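A short write-up of the structure that comes next.
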Amino acid sequence: MENEVLKTVKGTKDFMPQEQMQRNWIRRTLEAVFETYGCKPLETPMLQHYELLASKYGGGDEILKEVYRLNDQGDRELGLRYDLTVPLTKVVGMNPEMRMPFKRYEIGKVFRDGPVKTGRLREFIQCDVDIVGTTSVLAEAELLSMAFEAFKRLGLDVYIEVNNRKLLSGVLQELGVPVERAGDVMLSLDKLEKIGVDGVRDDLRERNVEESLVLAITSFLQEGVITLDLLKERFTSPLVQEGIRELREMLAYVTGAGVAGELRFSPFLARGLGIYTGIVYEIFLQDGSMTSSIGSGGRYDQIIGRLLDDGREYPAVGISFGLDVILAALANRNTEEQRAADVLVIPLGTEASSLGLANRLRESGIRVELELTGRRLKKALDYANKEGFAFALIYGENEVNSGQVVVRDMREGTEQPVPLELVEKWLSDKLSG
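Just so you know, our numbering puts 65 at position 65 of the sequence shown, and the rest follows in order with no gaps.
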C-alpha cells in the first residue's frame with residue numbers, strides 16, 4: 001500500500017540538487033542585475049492578514065478563491081501571500097518616512113490554490129522589481145533596460161511587447177465601447193494574434209457585446225497594420241494622445257540610451273484589467289520555443305493609494321520575472337550543467353590533513369567537497385566522474401611526505417603532482433580559464 005505521507009502535496013514540487021542549483025544560479029544572476037540598477041532588497045512575510053489580502057486591487061473574487069486561508073492559535077484570520085505587491089503596499093504604508101522613489105526587489109515564494117498545469121504550480125517563486133514614488137516614464141525605460149540586461153546574462157534572446165492602457169482605453173471609448181464593457185472587449189482583442197479578426201468577432205458576440213460595437217471594432221481591425229502614427233491621426237481623445245506621448249517618450253529614452261533589445265508596439269496588449277494605468281509590457285523568447293511570456297509588468301499609479309486610503313498618491317511601476325518559466329526556457333537549451341563543487345579531495349589515510357587541505361582551498365574561494373566515506377581510490381574517482389567534478393585531489397601519506405598533491409583532471413583523464421604551496425593558484429587558474 002502506498003504511503004500517503006510520502007506524497008508531495010498537489011501543486012508543489014521537490015527540486016532535486018541539479019535543478020535547484022540551476023534555480024539558484026538564475027536567482028543570483030537576477031539579484032546581481034537588480035543591484036547594479038540600485039534596487040534595494042526586501043523580504044516580506046509569506047503569512048499576511050487575510051483582511052489585507054482580501055483588499056486586492058482589482059483581482060476580486062477570482063483571486064480570493066485561490067488564497068490559502070488559515071487561523072493561528074490566537075484565532076487571527078491569516079492567509080499565504082499570492083503575490084509580492086500587496087506586501088509591498090503594507091511596507092510602504094507602515095513606513096511613511098520612506099524616501100522616494102523607493103526601488104526595491106524581492107524574490108520569494110507565493111501561493112495560489114488554483115488549477116495545476118504544466119509550468120504552473122500552486123507554490124512558485126516571483127522575482128519582482130518595483131519603483132514607488134515617480135510618475136516619470138524614465139522609470140519604465142530603466143526597468144525595460146534592466147530586463148534586457150537580465151536576459152542577456154541568462155543567455156536568453158528576448159523581445160518586449162509594449163502598450164499603454166490609456167491609449168487602449170481611449171481608442172475603445174472613441175469606438176463607442178462603454179466603460180462597463182471595456183474589460184470584455186480588451187480580453188477579446190488580446191486574442192487577436194491567435195484567433196484573427198473573425199475569431200475576435202465571434203468572441204465578442206459570445207460575450208454578448210452589442211452588434212453595433214462588434215461591427216465598429218472589427219471594421220477598425222480590418223483597416224490594416226495599426227501604428228502609433230495611425231492612432232495619433234485617427235483618434236483625438238486626450239487619453240489616446242497622452243498614451244502615445246508616454247510611449248514615444250519611453251521609447252526615445254530606451255533607444256537614446258543605446259539599449260540593445262527589440263521593443264514591439266502591441267496595440268491590444270492590456271494585462272491586469274483592474275491594475276495597470278499606463279504603460280504595460282510583456283517579455284517573450286525570440287525563438288518562440290515558449291508561447292507564454294517569461295516576464296511582464298507595467299505602471300500602476302492607483303493601487304497603493306487605494307489600498308492605504310490615506311489621501312496620498314503613490315505612483316508606481318514594476319516588472320516581474322517568472323523563475324520557473326525561465327528555468328523551463330533554459331531547459332530547452334544546451335546550458336552548462338551546474339555543480340555544487342569543483343574539486344573533490346580524496347584522503348588516503350590522511351583524513352585530518354585532507355580536511356585541512358580542503359579548508360585551505362575553500363578559504364581561497366574554491367568550492368570543495370571532501371570524500372567522507374572511505375571509498376577506495378577507484379570508487380572515489382568514479383564518484384567524482386559521475387558528479388561532474390572538474391578535479392580530484394589525491395592526498396595520501398606519500399603526498400604528505402613529499403609536500404605535493406596529485407591532481408587528476410576529470411575532464412581530460414590526466415594526472416600530475418602539484419606542490420602543496422602552489423595548489424590553490426594552480427586550481428584557481430585552471431577553473432577560471
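Heads up, the beta-carbon is just placed ideally off N, CA and C, and yes, glycines get one too.
Treat the numbers as computed from the prediction; the structure is a model and nothing was measured.
Under the DSSP assignment, K194 falls in the alpha helix (DSSP H) whose first and last residues are 192 to 206. Looking at the DSSP output, L370 sits in a beta bridge with V345. Taking a C-beta distance under 8 angstroms as the contact criterion, V197 and K191 do not qualify as a contact pair. Between the C-alpha atoms of E351 and M410 there is a straight-line separation of about 22 angstroms. Across the structure, Y50 and D113 are spaced so that their CA atoms are roughly 15 angstroms apart.
Per the Cβ contact rule, the segment 231 to 244 is in contact with the segment 170 to 189 (3 or more Cβ pairs under 8 angstroms). If you draw a straight line from the Cα of E35 to the Cα of V129, it comes to about 10 angstroms. Residue range 17 to 36 is occupied by the alpha helix (DSSP H) that includes P17. Under DSSP, the beta-bridge partners assigned to D128 are E106, S320. Here DSSP, grouped into helix, strand and coil, assigns P45 to coil. Between the alpha carbons of L88 and N71 lies a distance of about 22 angstroms. Each residue's CA atom was taken as its position, placing K232 and I244 some 7 angstroms apart. Annotation for F284: no alpha helix (DSSP H) segment contains it, though the beta strand (DSSP E) segment containing it runs 279 to 285. Secondary structure of S296 (DSSP, three-state): strand.
Rounded to whole angstroms, the Cβ separation of V345 and L393 is 5 angstroms, and the two are in contact under 8 angstroms.
The residues L168, L172, F268, A270, L273, in chain order, have a CB closer than 8 angstroms to that of M186 in the same chain once the five nearest residues on each side in sequence are set aside. Each of S320, V368, R375, A384 was checked against the Cα of L143, and the nearest Cα belongs to S320.
E140 is the residue among V110, E140, S432 whose C-alpha sits nearest the C-alpha of E249. Residues G79, L80, F111, D113 of the same chain have their beta carbon placed closer than 7 angstroms to that of Y68, with the five preceding and five following residues left out of the count.
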